[in-house]
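Just below is one structure, and these are the notes that go with it.
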Amino acid sequence: MTRRKNTSRLFALVLGALIMHGCGTSSSDKTVLYPVADDPTVSFRIWFKIGSQMDPPGKEGLALLTSAMLSEGGTAVNTYEQILEKLNPLAAGYTASTDKEMTIISGRTHKDNLEAYYTLFTDAILRPGFREDDFTRVKSDLLNGIEKQLRYSSDEELGKAALYDFIFAGTPYGHLDEGTVEGLKSITLDDVKAFYKTHYTKDAVVIGLGGGYDKALVDRLEKDLAALPAGTPAIPAAPAPEKIDGLHVTMVEKDCDATAISFGFPIDVLRGDADFFALALFNSWFGEHRNSSSHLYQVIREKRGMNYGDYSYIEMFPNGGRLQMPQPNTPRRRQIFEVWVRPVQHAQRHFALRAALRELKLAVEKGMSKEDFDLTKQFLTKYALHFASTTSERLGVAIDSRFYGISGDYIERYRKEIGALTLEQVNASIKKHLQCTDLKIAMVTKGAEQFKADLVANTPSPIVYTSPKPAEVLAEDKDIEVFPLSVKAENVRIVPVEQMFQK
Amino acid sequence: MKRALFMMCIIMLSSAAAMAESPGKGVFPYKTTVETLDNGLKVIMVPMASGGLVSYYSVVRTGSRDEVEPGHSGFAHFFEHMMFRGTKKYPASMYDRMVTEMGADANAYTTDDYTAYHMSFTKDDLEKVVEIESDRFQNLSYEEAAFQTEAGAVYGEYRKNISSPWMMLNEKMQATAFTAHTYKHTTMGFEADIKAMPTMYEYSKSFFTRYYRPENVVLLVAGDFDPAALMTMIRKYYGPWTRGYVTPVIPVEPPQKGERSATVSYTGKTLPILAISWKGERFDPSNKMMVAATLFGELAFGGNSDLYKSLVLKQQRLQMLEPDFGLNRDPNLWGVYAMVKNPADMAAIQTEIDKTIAMFQTTPVDAKKLSDLKSRMKYGFLMRLDTPERVAGGLARFVALTGGIEAVDQLYAMYDQVTPQDIMDAAKRFFVRNTRTVISLSGRN
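From first to last, the protein sequence lines stand for chains U and V. Note that the numbering used here has the first sequence beginning at 6, numbered continuously upward. Note that the numbering used here has the second sequence beginning at 664, numbered continuously upward.
See the structure below:
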């Protein structure tokens, strides 16, 4: 490793990274390339066609635990401590992410450090150490993540995870990527080794490279990764979640200070499909993520001050509490339309649920207005420029495009498609794909039995404010507080929080 | 899904006549242009290739540190929300509409020492941004009802955060470690104060009048723009803004003369957490001991430290170990957090931390470890400066603490000067029992 203090080289390090537009790619079937002229850094995203959907029944969490062993464990050459020691002066690292369909081993380094970094990075993929002590640590970390953190430290993340499990129950998408408590507990180190051997194959890998790499690096990676064994891991059929008939509710009973609400249903639209962009435009108007332009945000937060924000989605958006823009490399073969109402006072939970569902009903019935359509179109054609700002993120988007079979620069296409939409197309797409009668609702709350009784009886839920509100808001409240929700008692399930994600 | 992270810190030029240019001789690689208007508003411009994007930060050098009046904790953060409530010229709905039309990525955040309003957009919209941002900073206007409604949203933000054990832990740590200084409350504020916010309409107007003044604000702009053209816009729109900043009298924290401790019972389930913090020093890049202390934090407790390798990786007695050595305007806390797997092990973990500190106080750190850390910090900083948003965001705290960006180069130059002996001296000077506060958090079984 070379230490560098030369100012001019430091200067070049940053400058080059910024000239990142107008770069063509010459990717092959086994590579996704995002070259950036003069970029002094190289971004790696090695894609394995391995996902949590491949977890064997009873071993939920195996795919993610295996990838975590690659990125957070030692190799045959170095212990994990030695790896940390060697990465430290490089100001570099690598990480693994496993989603339903995709595992990505990613990292970024300065070209000056490429040789030292390359060895460490490829060792992690090709020569994992699979030591017992690493396994114990990583597994314990994952278990703690479910048993303590997800169940107790963020009710809104808990609510969102509960919704996905609820909708995809019984399918390969029907458990957390991290697994279940019992699934994780049953996984042995031998399970991990066997999973690695059969799934990390040369036929399952696609090389993603971005930034200032050269062709020699592509050739070298191809040659080195060809040392992986042959074999094509079986990919399950796309998940077919059960048909939803009416409103189905899961309440997570928990000693908490506020109620977190998520609801949704599966949709048949994926990125790149004919209706995708029309639905994306609607979704942006209805609930753009963490944006005050969201209609739901305006209704629930801005006018009524009930919570911190209210959004909707047509694609998976992990880490939504932390991230402003979508994170790449969580593509799905089945997506859901999802509404996220951030925690509200328990006393306002019924009203908040009614308000959000009522807005969905109005949107489905009336569609978008011309004014909202024009404004959202204008917004999105520019806002899309922020979706992926760094080279690594753009490389990630290019990998997702490969997954979905989209050619060319996705963000440019997105802007073009949005720009070409008509109001009629958008409203037709709403009618075709969205509805408000058959959906699943997941809520984290205290006193779930009472809430269930209120829901089933359609008990009016007037809202009490501590501050004056305009007459039009109060008039609308009268409609919201009695907005009928047809919930049958047998369709409400109450689960104590300690049972969530258990098996 | 990515695995969840466990956790998450004035130099007023009097003349507007000349633009001062930094040629980028230090670690910060970009050429910067700085100008100050007659009213004291400082503008730091970092032109860079960015594919037509511009990032625009308005850094108000007021944060929860400035909440000096009793009963008003959390007000800087609350006020940040109010800044989106519009003016007579551009009411909230119109402001929102303009930002939407621009397709801007716009938001704001509040910290202990400052509040930042940031917007990322295409260069064609630069003048519009200058106009609407200057308007709300000079002419904010809202009715009491809107003020009270926003208070509800802020309480909602508190509610979404409070389920985290880290928030409870930090509340207790700051309340225990400080007796006088405003760092005794978190940026979110005490819950009782948040609940009472709807009654503070008049106070909010006074808050705006005293703190949102040109000599207390720095504009930080990075991306694809022409500095001279930008300055023409800024003079036009911000020129009429009048001075009037009232410097708050921040209570001085008396020296801590004995160890303090407290416990927190978390109503959910969590592994127990041990937090130990020491009184630090205010950010001053010319203060070698202060700079050495921050390096000590990483060397002693960071992800490449011997203690981490021993307790997290080898012995696996800790779920996580993380230093928190923030840079602050006044002396704040420097500390270490340990999430302990076995509740019965808490005392023994504290002993291990004590032994580590004792070792650093008596044995010079390995020179290679220190140089590796310096290299990592420098290159890590630079590799994060690859978009206008990340450049402006990365500089905001330095701007808030010092009023400029010179401190960046000074800090990294000082890092280079720190020796193993300095690390040892800093360990002896700051990390002593009399100035520390120990908080233990335990969950329900």
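Beta carbons are placed, not taken as given, at the ideal position from N, Cα and C, and that holds for glycine.
Does residue i come out as helix, strand or coil in the three-state DSSP assignment?
{"i": "N118 of chain U", "result": "helix"}
{"i": "A265 of chain U", "result": "strand"}
{"i": "M505 of chain U", "result": "coil"}
{"i": "Q982 of chain V", "result": "strand"}
{"i": "H26 of chain U", "result": "Caution applies to H26 of chain U, whose pLDDT of 37 falls short of 50 and renders its modelled position unreliable; the model cannot decide the point."}
{"i": "A42 of chain U", "result": "coil"}
{"i": "F1094 of chain V", "result": "coil"}
{"i": "D787 of chain V", "result": "helix"}
{"i": "W904 of chain V", "result": "coil"}
{"i": "S924 of chain V", "result": "strand"}
{"i": "F270 of chain U", "result": "strand"}
{"i": "N496 of chain U", "result": "strand"}
{"i": "D208 of chain U", "result": "coil"}
{"i": "G112 of chain U", "result": "strand"}
{"i": "K942 of chain V", "result": "strand"}
{"i": "P686 of chain V", "result": "With a pLDDT of 43 at P686 of chain V, under the threshold of 50, the predicted position of this residue should be treated as unreliable, and no value is reported."}
{"i": "A712 of chain V", "result": "coil"}
Distance, Cα to Cα, residue i vs residue j?
{"i": "A235 of chain U", "j": "S317 of chain U", "result": "42 Å"}
{"i": "G66 of chain U", "j": "S57 of chain U", "result": "7 Å"}
{"i": "I70 of chain U", "j": "E794 of chain V", "result": "In the sequence under discussion, the amino acid at residue 70 of chain U is Leu, which differs from the Ile named in the question. Answer to the nearest angstrom: the Cα atoms are 52 Å apart."}
{"i": "N11 of chain U", "j": "W52 of chain U", "result": "The predicted position of N11 of chain U is uncertain, since its pLDDT is 32 and thus under 50; no value can be drawn from it."}
{"i": "M373 of chain U", "j": "S298 of chain U", "result": "14 Å"}
{"i": "R407 of chain U", "j": "L226 of chain U", "result": "19 Å"}
{"i": "G310 of chain U", "j": "Y900 of chain V", "result": "32 Å"}
{"i": "A232 of chain U", "j": "T127 of chain U", "result": "11 Å"}
{"i": "D1035 of chain V", "j": "L958 of chain V", "result": "11 Å"}
{"i": "F356 of chain U", "j": "L362 of chain U", "result": "10 Å"}
{"i": "E364 of chain U", "j": "R142 of chain U", "result": "46 Å"}
{"i": "T386 of chain U", "j": "F741 of chain V", "result": "32 Å"}
{"i": "W345 of chain U", "j": "V502 of chain U", "result": "19 Å"}
{"i": "L529 of chain U", "j": "I151 of chain U", "result": "Chain U is shown only over 6 to 508; residue 529 of chain U falls outside these bounds and no answer can be derived."}
{"i": "L15 of chain U", "j": "T471 of chain U", "result": "Because the pLDDT of L15 of chain U is 36, which lies under 50, any placement of that residue in the model is unreliable, and the number read from its coordinates should be weighed accordingly. Those two C-alpha atoms are separated by around 56 Å."}
{"i": "G1043 of chain V", "j": "T46 of chain U", "result": "12 Å"}
{"i": "A239 of chain U", "j": "A68 of chain U", "result": "13 Å"}
{"i": "H26 of chain U", "j": "D414 of chain U", "result": "Confidence at H26 of chain U is low in this model, with a pLDDT of 37, below 50, so its placement is unreliable and the value that follows should be read with caution. Near 11 Å, if we compare the C-alpha coordinates of D414 of chain U and H26 of chain U."}
{"i": "F384 of chain U", "j": "E764 of chain V", "result": "5 Å"}
Would residue i be called buried (16 or more neighbouring beta carbons within 10 Å of its own) or exposed?
{"i": "R728 of chain V", "result": "buried"}
{"i": "K445 of chain U", "result": "buried"}
{"i": "S491 of chain U", "result": "exposed"}
{"i": "Q455 of chain U", "result": "exposed"}
{"i": "R359 of chain U", "result": "buried"}
{"i": "G921 of chain V", "result": "exposed"}
{"i": "V915 of chain V", "result": "exposed"}
{"i": "D787 of chain V", "result": "exposed"}
{"i": "E684 of chain V", "result": "Low per-residue confidence applies at E684 of chain V: pLDDT is 44, beneath 50, and the placement is therefore not dependable enough to give any value."}
{"i": "P733 of chain V", "result": "exposed"}
{"i": "T849 of chain V", "result": "buried"}
{"i": "P61 of chain U", "result": "exposed"}
{"i": "R327 of chain U", "result": "exposed"}
{"i": "D405 of chain U", "result": "buried"}
Give me, in chain order, the residues of the same chain whose beta-carbon lies closer than 6 Å to that of residue i; leave out the 5 immediate sequence neighbours on both sides.
{"i": "T108 of chain U", "result": "F53, I55, S72"}
{"i": "G184 of chain U", "result": "E65, G66"}
Please go through the same chain and pick out, in chain order, the residues whose beta-carbon is closer than 7 Å to the beta-carbon of residue i, but skip the five residues on each side of it.
{"i": "G965 of chain V", "result": "Y971, P986"}
{"i": "G998 of chain V", "result": "A938, I939, S940, W941, D987"}
{"i": "E137 of chain U", "result": "L194"}
{"i": "P890 of chain V", "result": "T696, M708, P710"}
For residue i, which residues from the same chain have a beta carbon less than 8 Å from its beta carbon, with the 5 sequence-adjacent residues on both sides left out?
{"i": "R1041 of chain V", "result": "What sits at residue 1041 of chain V in the sequence shown is Lys, not Arg. Hits under 8 Å: V690, Y1075, Y1078."}
Contact residues within the region 149–161 of chain U, judged by C-beta distance below 8 Å to chain V: Within the region 149–161 of chain U, the residues whose Cβ lies closer than 8 Å to some Cβ of chain V are N149, G150, E152, K153, Q154, L155, R156, Y157, S158, S159, D160, E161, listed in chain order.
Against chain U: residues of the region 759–781 of chain V by CB proximity under 9 Å: Residues D759, R760, V762, T763, E764, M765, G766, A767, D768, A769, N770.
Under 8 Å (Cβ pairs) to chain U, residues found in the region 968–989 of chain V: Here the close residues are K972, V975, L976, K977, Q979, Q982.
Interfacial residues, the region 229–261 of chain U to chain V, with Cβ spacing under 9 Å: Under the 9 Å Cβ criterion, the region 229–261 of chain U contributes K259, D260, C261.
Interfacial residues, the region 1008–1024 of chain V to chain U, with Cβ spacing under 9 Å: Contact residues of the region 1008–1024 of chain V toward chain U are absent (C-beta to C-beta distance below 9 Å).
Residues, ordered as in the chain, of the region 175–201 of chain U that lie near chain V by beta-carbon distance below 9 Å: From the region 175–201 of chain U, only L181, D182, E183 have a Cβ closer than 9 Å to chain V.
Contact residues within the region 376–390 of chain U, judged by C-beta distance below 9 Å to chain V: Listed by position, the residues of the region 376–390 of chain U near chain V (Cβ gap below 9 Å) are L380, T381, Q383, F384, L385, T386, K387, Y388, A389, L390.
Chain U contacts made by the region 858–872 of chain V, where a contact means CB separation under 7 Å: Hits within the stretch, in order: P861.
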